[in-house]
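J.: Under this note's numbering, the sequence shown is numbered contiguously, ending at residue 103. The C-beta atom is built at its ideal place from N, Cα and C for all residues, glycine as well. No experiment lies behind these values; they were computed from the predicted model shown.
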Amino acid sequence: MNQLKKLLGLVWMALGPAAIIFLAGQAYEKTSLAAEGSERTNTALQWGIILFIFIPICAGLVIFGYYAVKGAYDRLPADSGEAS
């Protein structure tokens, strides 16, 4: 089970930057396809908000994956008394 956690940690670490690259590409494509004027401005604003929200989420995926690869989740507490 610990090997699976470490393997999935690598997946999470790769998924974070891949998602940002994909979203940035989509933002560029959709913004460039929008008509000039207020439509392009609105599209750019929407994609800016989307990127602003998802960049920290993707960074969290990378951090989560890093800790999984390092073995921080190898032994999990059985109850709340062991958590502290």
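Check Glu-101 in the structure and name its three-state DSSP category.
T.: By 1-based counting over the sequence shown, the position of residue 101 is 82. The answer is helix: DSSP assigns Glu-101 an H, G or I state.
J.: Could you tell me the distance, in whole angstroms, from the CA atom of Leu-64 to the CA atom of Leu-52?
T.: For the purposes of this step, residue 64 is taken as the residue at position 45 of the sequence shown. For the purposes of this step, residue 52 is taken as the residue at position 33 of the sequence shown. About 14 Å.
J.: With DSSP as the reference, label Arg-59 as helix, strand or coil.
T.: Looking up residue 59 in the sequence shown gives position 40. Arg-59: helix per DSSP, three-state reduction.
J.: To the nearest whole angstrom, what separates the beta carbons of Ala-78 and Gly-35, a pair I think is in contact under 8 Å?
T.: Here residue 78 refers to the residue found at position 59 when the sequence shown is read from its first residue. Here residue 35 refers to the residue found at position 16 when the sequence shown is read from its first residue. Sure, about 7 Å apart at Cβ, within 8 Å.
J.: Leu-23 and Ala-46 look like a contact to me (Cβ under 8 Å); what is the Cβ gap, rounded to whole Å?
T.: Residue mapping note: residue 23 aligns to position 4 of the sequence shown, counting from 1. Residue mapping note: residue 46 aligns to position 27 of the sequence shown, counting from 1. Not confirmed; about 34 Å, so no contact.
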